[in-house]
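There are 2 protein chains.
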Amino acid sequence: MKGMSKVIGIGFLGLGIVGSQVLSYIKENKDYVEEVYGMEFLTKSVYVRDITKKRDVDTSDIYLTTDVTKIVENPNVQVCIECMGGAGMEETYDAVMGAIHNGKHIVMSSKKCLAVYGTKIIEAANQYNVQLRFEASVGGCIPICRSLMQMSKGDEVTKIYGIVNATSTYILSAMESKKITFDEALQQAKEKGFAENNSSEDILGFDTLNKMRILLRLGMKVDVDCNDVNPVSIENINDESTNREEPIIRQVFYAEKTMQDDINCFVGPQILKSDSMLKNVSENYNMIFVESKHSGLRAYYGKGAGGRETASVMFDDLIDVVQSNYRFEEIKPIGCNCLSGDTFEL
Amino acid sequence: MKGMSKVIGIGFLGLGIVGSQVLSYIKENKDYVEEVYGMEFLTKSVYVRDITKKRDVDTSDIYLTTDVTKIVENPNVQVCIECMGGAGMEETYDAVMGAIHNGKHIVMSSKKCLAVYGTKIIEAANQYNVQLRFEASVGGCIPICRSLMQMSKGDEVTKIYGIVNATSTYILSAMESKKITFDEALQQAKEKGFAENNSSEDILGFDTLNKMRILLRLGMKVDVDCNDVNPVSIENINDESTNREEPIIRQVFYAEKTMQDDINCFVGPQILKSDSMLKNVSENYNMIFVESKHSGLRAYYGKGAGGRETASVMFDDLIDVVQSNYRFEEIKPIGCNCLSGDTFEL
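Chains as they are written, first to last, in the UniProt record's numbering: chain A, 1 to 346; chain B, 1 to 346.
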């Protein structure tokens, strides 16, 4: 096949920890892509905010630029890989929309930008007939986005719930197993790399809320206004409640369609049933349940974080955008009611 | 969109219980397919072995024929839906290959035919540039085939294991929870619809072995000769072992790649670890674990059987074949060694 491979130009939007890992993964798999797909992923140009910054990947053969139009308007770029986690979500949104308007397929990772602007981005992808994937944004290695995109066609997804935040899982399970306080557990989580220095979005539930919003779009084809949902912080859990032998508490999300065609939902700490499968979720694993009218209950489990893991999933997305001609279904805004944790069981 | 829809001609190969459900599902979703995809799935002709047989679905506007060439060589058919479970696997294979040779996309369900002839069918699909899907053949509603097809690209799947046979799950859990004998449990399974009249393939492990073979092709890109594997029957389980409080025994499959580049595998009853997630599998649910080098451990859980469930999954496959341009990776024959159940833990 050598010399006959079809060249697919790749442009990176952002080259931080995630972006560097994806770039390495693409380089490592050069022969594989050539052999199996008769293609070559060629990364020519990368948008960064600071050209002088030291990176974990060799960029000697790549053009680094602080001008995003050099990527999104570049006629030699067919696919953009967005890894702008460090940037603001408006900047990310503008870059992504620029790419779509110029007919580039796009593999995204920034969950906050997707949570807020996802409907607009999806509509633009449909309109400009480009392929859009964002598996890495929710549940890490779990193929939940593609499953919701591809499954239960003509069926009706009635419930989606689960655990999608590793920081809170680490804290709550450490409080339980080690009989320590919230503050001690948070400190340990930071030391072990399960929590960022500023973990308030994880603890307060906003990270999980963002991920729930992304999943509801794909699974139920609805857009919930996050301002309508008040997540419950795990900070205020009574340390005594985790000191008893029995209860396992996890930060969960729960969303169900109501008969009135709106959504009941909850984000926050929940005591799990004694036979709950969610009890198996520890460390940086996530687990997501999806219930549909005809196909019943499905569950997905896997690592929710990790650089190598994220790179692997974004590489799968990259392969997918060049092989598929997927069209997203229309997403409608929907009202939602906040449940309290004692009105449902997990 | 009315009147402007692109018509996709569908030809059924077989119209038994599964086929009838799929046909109904397609009819029920006529408006959905038109609205979302601007397409119409039009079922014109159906291959059956007995035209006079009474069916669960209205066939008044459909041409039933016992001549399979009328389907597989029909220029108005773009997708064939294979539901020939009742037929012999050679007949199924011939029909499927006829369809592929005539450029039809194909959605299959017959696991036995896929287990034995899967490599040839996959190679033919690649060669004739048609789309092939068979999600319903393993794990029912679990999107395991598409996940293995789409995930861990350039990664290496090192282990696949799990529970994929509802009959054996029902029998073993009934023996445990009700303290009854194997024969009593089998009788109950038949009464409740969890077992066929002739359940020997389920009990002896051949059904699970067939499904393992299908998964190994997709996940590890290898073909194991089923003659090299001796599944262990669940029939010979000592009734006493299930009478104790502790052990939960399930019929499992387990396959791991070795350093010598062959496969170690096992099919049969296995005592589950006390904290095994597989313990949550009961009734007609299945659960499958996949371990990869970079993306780590993933698990999938869902209903393994059911008419409506199977129809839903085959309908998803149908939507997929008209949206994707997937190419299977090359599958290589591989040697395998039979493990005994005490050499690994699940």
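Just so it is clear, CB atoms sit at the ideal spot from N, CA and C, and this is done for glycine as well.
Source: prediction; values computed, not measured.
| Query | Result |
| --- | --- |
| List the endpoints of the continuous alpha helix (DSSP H) containing Arg308/A. | Gly307 to Gln323 |
| Mind pulling the chain B residues with CB within less than 9 Å of Pro143/A? | Pro143, Arg146, Ser147, Gln150, Met151, Arg298 and Tyr300 |
| Please confirm if Arg308/B has its CB atom under 8 Å from at least one CB of chain A. | yes |
| Who pairs with Val18/B in a beta bridge, going by DSSP? | According to DSSP, which records beta bridges pairwise, Val18/B is partnered with nothing at all. |
| If contacts are defined as beta-carbon pairs under 8 Å, then Ile106/B and Cys80/B qualify, I think. What distance do you get, rounded to the angstrom? | 5 Å |
| Using a cut-off of 7 Å between C-beta atoms, extract the partners of Thr155/B located in chain A. | In the sequence as presented, Thr is not what sits at residue 155/B; that position holds Asp. In chain order: Ser312. |
| Pick out whichever of Ile17/B, Ser24/B and Lys30/B has its Cα sitting closest to the Cα of Ile8/B. | Lys30/B |
| Where Ser137/B and Leu346/B are concerned, what is the direct C-alpha to C-alpha distance, given to the nearest angstrom? | 24 Å |
| Using the rule of at least 16 other Cβ atoms within 10 Å of the residue's Cβ for burial, across every protein chain shown, is Ile214/A buried or exposed? | buried |
| Throw me the rounded Cβ distance for the Ser110/A and Met97/A pair, which I believe falls under 8 Å. | Not really, about 13 Å apart at Cβ, beyond 8 Å. |
| Less than 8 Å between the CB atoms is what I'm expecting for Gly162/B and Val252/B, so what's the real figure, rounded? | 7 Å |
| According to DSSP, Ile163/B sits in a beta bridge with which residue or residues? | Met287/B |
| Going by beta-carbon coordinates alone, are residue 349/B and Gly193/B separated by less than 8 Å? | Outside the shown range of chain B (1 to 346) lies residue 349/B, about which nothing can therefore be said. |
| Locate the beta strand (DSSP E) running through Tyr300/A, then write down its first and last residues. | Gly296 to Lys303 |
| Can you find the residues in the same chain that come closer than 8 Å, C-beta to C-beta, to Glu91/B, ignoring five residues on each side of it along the sequence? | Met84 |
| Find out if the Cβ-Cβ distance for the pair Ser155/B, Lys293/B is shorter than 8 Å. | The amino acid occupying residue 155/B in the given sequence is Asp; Ser does not appear at that position. Cβ atoms of Asp155/B and Lys293/B: closer than 8 Å. |
| Who are the Cβ neighbours of Val68/A in its own chain at under 6 Å, not counting the five residues just before and after it? | Tyr47 and Ala95 |
| Identify the continuous alpha helix (DSSP H) that holds Ser147/A and give its terminal residues. | Ile144 to Gln150 |
| Report back the beta-carbon spacing between Asn264/A and Asn210/A to the nearest angstrom; my notes put them in contact at under 8 Å. | Actually they do not touch by this definition, with Cβ atoms about 19 Å apart. |
| Closer than 7 Å by C-beta to Gly307/A: which residues in its own chain qualify, once you throw out the five before and the five after it? Chain order, please. | Ile17, Val18 and Gln21 |
| Consider the Cβ of His294/B: report whether some Cβ of chain A lies at a distance smaller than 8 Å. | yes |
| When the Cα atoms are used, what is the spatial distance from Phe328/A to Phe12/A? | 24 Å |
| Distance check for Arg250/A and Thr169/A, CA to CA, integer angstroms please. | 6 Å |
| Contact check, Glu73/B vs Asn102/B under 8 Å by CB: the rounded distance? | 5 Å |
| Using a Cβ-Cβ cut-off of 6 Å (strictly less than) and excluding sequence neighbours within five positions of Val57/B, which residues of its own chain qualify? | Ser20, Leu23 and Ser24 |
| Hey, how far is the Cα of Leu272/B from the Cα of Leu297/B? | 18 Å |
| Going by DSSP, what residue range makes up the alpha helix (DSSP H) through Ala255/A? | It is not in any alpha helix (DSSP H) - Ala255/A instead sits in the beta strand (DSSP E) that spans Ile249 to Lys257. |
| For chain A, is any of its Cβ atoms less than 8 Å away from the one on Met97/B? | no |
| Answer with yes or no whether the minimum CB distance from Tyr32/A to chain B is below 8 Å. | yes |
| From the DSSP output, in three-state form, read off Asn264/B for me. | strand |
| Run through the DSSP bridge pairs and tell me what Gly86/A is partnered with. | Answer is none; Gly86/A lacks a bridge partner. |
| By how many angstroms is the C-alpha of Ser5/B removed from the C-alpha of Leu42/B? | 11 Å |
| Under 9 Å, CB to CB, which of the residues in the stretch 97-121 of chain B have a partner in chain A? | none |
| For Pro333/A and Ser199/B, I'd like the C-alpha separation in whole angstroms. | 49 Å |
| Within 8 Å of any Cβ in chain A, is that where the Cβ of Ala166/B sits? | no |
| Between Val157/A and Gly118/A, how many whole angstroms is the CB-CB distance? I'm expecting something under 8 Å. | Between Gly118/A and Val157/A the Cβ distance is about 17 Å, and since that is not below 8 Å, they are no contact. |
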